[in-house]
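J.: Here's a structure for you.
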Amino acid sequence: MQEARGKKSARLLAEATARDSYSKLVAYLAVHTRDVAAAEDALSDAFAKALTEWPEKGCPTHPEAWLLTVARRRAIDVARRQVRGIEVERQLKTLSQLGTEEVSDIPDRRLGLLFACTHPAIEPGIRAPLMLQVILGLKAATIASAFLIAPSTMNQRLVRAKNKLRQAGIPFQVPDKKELPQRLDTVLDAIYASYSEGWNDPAGTDMTRRGLTSEALFLVSMICELMPDQPEALGLLALMLHTEARRSARRSNDGAYVPLNEQDPDLWDSVLINKAETVLKQARTPGKIGRFQIEAALQSAHVVGRLKGINNWPVIKDLYDALYELTQSPVVGVNRTLAVAEVEGNNAALAILDELAENRQMTEYQPYWAMRAELLTRQGDFGQASHAYQVAIGLERDPAVRKFLRQKQSTCVAE
Amino acid sequence: MQYLLLIYANEEAWDSMSPEDQEAGVGAYIAYSEALAESGAFVGSSRLSPIATATTVQVKDGKNQVLDGPYADTKEQLGGYYLIDVADIDSALSWAARCPGASHGIVEVRPIWEMTD
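Those protein sequences? They're chains A and B, same order as listed. So that you can map any letter, position 133 of the first sequence is 124 in our numbering, and since no number is skipped, the others follow by simple counting. So that you can map any letter, position 6 of the second sequence is 28 in our numbering, and since no number is skipped, the others follow by simple counting.
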């Protein structure tokens, strides 16, 4: 009994260490060897060994150092079995030198690895998946489902990206001051992409996806902690905290979708909202404004407007104008039209939407059609509104949102 | 490239739905077809009659074998298909995820064999 409990706690400790230390240890090994795949393999072997040995022999005093030592030995074994060449010699030399360092306090190299995974030389579409696998240890199959890609394809793309990391001379370090703002943008983009994919499951029924939003939050918090004076990182953190704060209000008790303007503010998490507001204030730097800070400010304006019952649309429109000018993103363009409709009227908003429709991507973009339907309904053009709702429903993945749109569509009848 | 989206679902689940839910279900498919048409990806689509109407035929060693029922005896049965024309597999998968069949059943995505002449 006692023994069984001991084994169980050793297993739990191994698993907890795995979670906490995985990225740190992969980063530490990979930053030195430049071989991410080999670092991952060596560590997964080390964790397997920990799970069998710790319950028998008890946990080591420095679990991380133990894992690193075992992983390092495995990596040396693997390298020795490879065909000797300059590359292998270099690996072996690096790995043997690693052992002489004091490892009880392993330096945190995760930021360097994060910048490597999101380097401009890595194809944009694979940066977020690569980051999720390398930094967080998510399985290729899990990432594939979240990004709607076949697992075999995702695996191939990840392997290719890791080869490129090894071979293309991509630096595994935080870029210097001059380069930093631009490079940080690609890091934050990748984190935001992971967050959005996770958010596509608003009901939170899919565990892997809900996991993705919290993993993204973890990553951006880590950046804010290790680089506390980056306004855009703080902006992204504030944006995510605001969205998280409203998670439980997005669904009614029977699972129906509830849009922001119909949500019950009592269901919002005020602790998270306050935290978001604090972070946003901290981000404010004179003369410097970026995309994520504006998006967070928009969230803030929506929330404050609702909580205080004030008409915040002029502020929201100004923020959207600034965001659109900065990003020129059609997605922002579509969201902006509602603010235009509230401030300048329906005709102005529909004209903007027509302009956006010249971009062919809009034909497959659900929010464009839902927005079009909303504005046409307000206009009293029920025939066209109904068609737009129809297309929006057809483009929606989430049954609850489909149902919500269907209800809206059913109101599109002339009285 | 053309892809066939095969929709597998449990027929009994459909039969046990209320008429309102069935109507909503059909409505979701109509909307999906319209969205496909709007984007220019729609090539063709059909819903199949219930599996009770299925018959299988096999000719083995010159002998015919005709059997009642579907080929595979599984809970989820082929109930319909969409043939779509899109740029690549990524786009085909995102259309598959939007298909109402993905919410109440399973959608299998198969590229159409391309003939080279």
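Glycine included, every Cβ here is placed at the ideal spot set by N, Cα and C. Keep in mind the model is a prediction, meaning the values are calculated, not measured.
Kindly indicate which three-state DSSP category residue 142 of chain A falls into: helix, strand or coil?
T.: Helix, per DSSP.
J.: Which bits of chain B does residue 390 of chain A rub up against, with CB to CB less than 7 Å?
T.: 125
J.: Can you check DSSP and say which residues form a bridge with residue 100 of chain B?
T.: In the DSSP output, where bridge partners are listed per residue, residue 100 of chain B has B/30.
J.: Does any C-beta atom of chain B lie closer than 8 Å to the C-beta of residue 354 of chain A?
T.: yes
J.: Would the beta-carbon of residue 87 of chain A fall within 8 Å of that of residue 67 of chain A?
T.: yes
J.: Measure the C-alpha to C-alpha separation of residue 125 of chain B and residue 118 of chain B and round it to an integer number of angstroms.
T.: 10 Å
J.: By Cβ distance below 6 Å, which residues in the same chain neighbour residue 93 of chain B in space, the five residues on each side in sequence not counted?
T.: For residue 93 of chain B, where only same-chain residues beyond five positions count, the Cβ hits under 6 Å are 78.
J.: Is there a C-beta anywhere in chain A that falls below 8 Å from the one on residue 119 of chain B?
T.: Output row for residue 119 of chain B: interface = yes.
J.: Closer than 7 Å: is that where the CB of residue 56 of chain B sits relative to any heavy atom of the ligand ATP?
T.: As for the ligand ATP, it is missing from this structure, which has no ligand bound.
J.: Under 8 Å between C-beta atoms, does residue 415 of chain A make it to chain B?
T.: Residue 415 of chain A cannot be examined here, being either before or after the span of chain A that is shown, -8 to 406.
J.: Since residue 398 of chain A meets chain B, which of its residues come closer than 8 Å, beta carbon to beta carbon?
T.: Per Cβ cutoff of 8 Å: no residues; residue 398 of chain A is ~10 Å from chain B at best.
J.: How big is the Cα-Cα spacing for residue 383 of chain A and residue 273 of chain A?
T.: 39 Å
J.: Mind checking who residue 130 of chain B pairs with in its DSSP beta bridge?
T.: B/28
J.: For a minimum of 3 consecutive residues, which ranges assigned as the beta strand (DSSP E) are wholly contained in the segment 324 to 386 of chain A?
T.: none
J.: Please report the residue range of the beta strand (DSSP E) in which residue 82 of chain B lies.
T.: Counting along the chain, the beta strand (DSSP E) containing residue 82 of chain B begins and ends at 77 to 82.
J.: Which value, in whole angstroms, describes the spacing of the CA atoms of residue 288 of chain A and residue 50 of chain B?
T.: Taking the straight line joining both Cα atoms gives about 36 Å.
J.: Kindly list, in the order they appear in chain A, the residues whose Cβ is closer than 7 Å to that of residue 56 of chain B.
T.: 381, 382, 385
J.: Which stretch, first to last residue, makes up the alpha helix (DSSP H) that contains residue 300 of chain A?
T.: Per DSSP, residue 300 of chain A belongs to no alpha helix (DSSP H) and is neither H nor E.
J.: At what residue ranges does the segment 46 to 81 of chain A contain a whole run of the alpha helix (DSSP H), taking only runs of 4 or more?
T.: 54 to 72
J.: Comparing C-alpha positions only, which one of A/180, A/327, A/398 sits nearest to residue 106 of chain A?
T.: Among A/180, A/327, A/398, the Cα nearest to that of residue 106 of chain A belongs to A/180.
J.: Closer than 8 Å is the cut-off here; do at least three beta carbon pairs connect the segment 58 to 67 of chain A with the segment 22 to 39 of chain A?
T.: yes
J.: Please identify, using Cβ separations under 8 Å, the residues of the segment 130 to 141 of chain A that lie next to chain B, in order along the chain.
T.: 139, 140, 141
J.: Runs of 4 residues minimum, wholly inside the segment 200 to 258 of chain A: which ones carry the alpha helix (DSSP H) assignment?
T.: 222 to 236
J.: What does residue 42 of chain B reach in chain A if we use C-beta pairs closer than 9 Å?
T.: Near residue 42 of chain B there are no residues of chain A at all, since even the closest Cβ is about 11 Å away, more than 9 Å.
J.: Report back the beta-carbon spacing between residue 145 of chain A and residue 131 of chain A to the nearest angstrom; my notes put them in contact at under 8 Å.
T.: 5 Å
J.: Identify the contact partners of residue 393 of chain A in chain B, using a Cβ-Cβ distance below 7 Å as the criterion.
T.: 50
J.: Suppose contacts are defined by Cβ-Cβ distances below 8 Å. Is residue 8 of chain A in contact with residue 46 of chain A by that definition?
T.: Taking 8 Å as the Cβ cut-off, residue 8 of chain A and residue 46 of chain A do not qualify as a contacting pair.
J.: Mind checking which residues open and close the beta strand (DSSP E) that includes residue 66 of chain B?
T.: 64 to 69
J.: Among the residues of its own chain, which have a CB less than 6 Å from the CB of residue 298 of chain A, if the five just before and after it don't count?
T.: 256
J.: Could you tell me if residue 159 of chain A is buried or exposed, where buried requires 16 or more neighbouring beta carbons within 10 angstroms of its beta carbon?
T.: exposed
J.: Using alpha carbons as the reference points, say which of A/155, A/235, A/372 lies closest to residue 25 of chain A.
T.: A/155
J.: Would you mind working out which of A/51, A/97, A/30 sits nearest residue 70 of chain A, comparing C-alpha positions?
T.: A/30
J.: Anything in the segment 91 to 119 of chain B with a Cβ closer than 9 Å to a Cβ of chain A? List those residues in chain order, please.
T.: Legend: CB atoms of the segment 91 to 119 of chain B lying less than 9 Å from CB atoms of chain A belong to residues 111, 112, 113, 115, 116, 117, 118, 119.
J.: Are the segment 83 to 92 of chain B and the segment 57 to 65 of chain B touching by the rule of at least three beta carbon pairs closer than 8 Å?
T.: Here the segment 83 to 92 of chain B makes no contact with the segment 57 to 65 of chain B; the two share fewer than three CB pairs at distances below 8 Å.
J.: Please confirm whether residue 344 of chain A and residue 321 of chain A have their CB atoms less than 8 Å apart.
T.: no
J.: Using the beta-carbon of each residue, which ones in chain A are nearer than 7 Å to residue 60 of chain B?
T.: The contacting residues are 354, 382.
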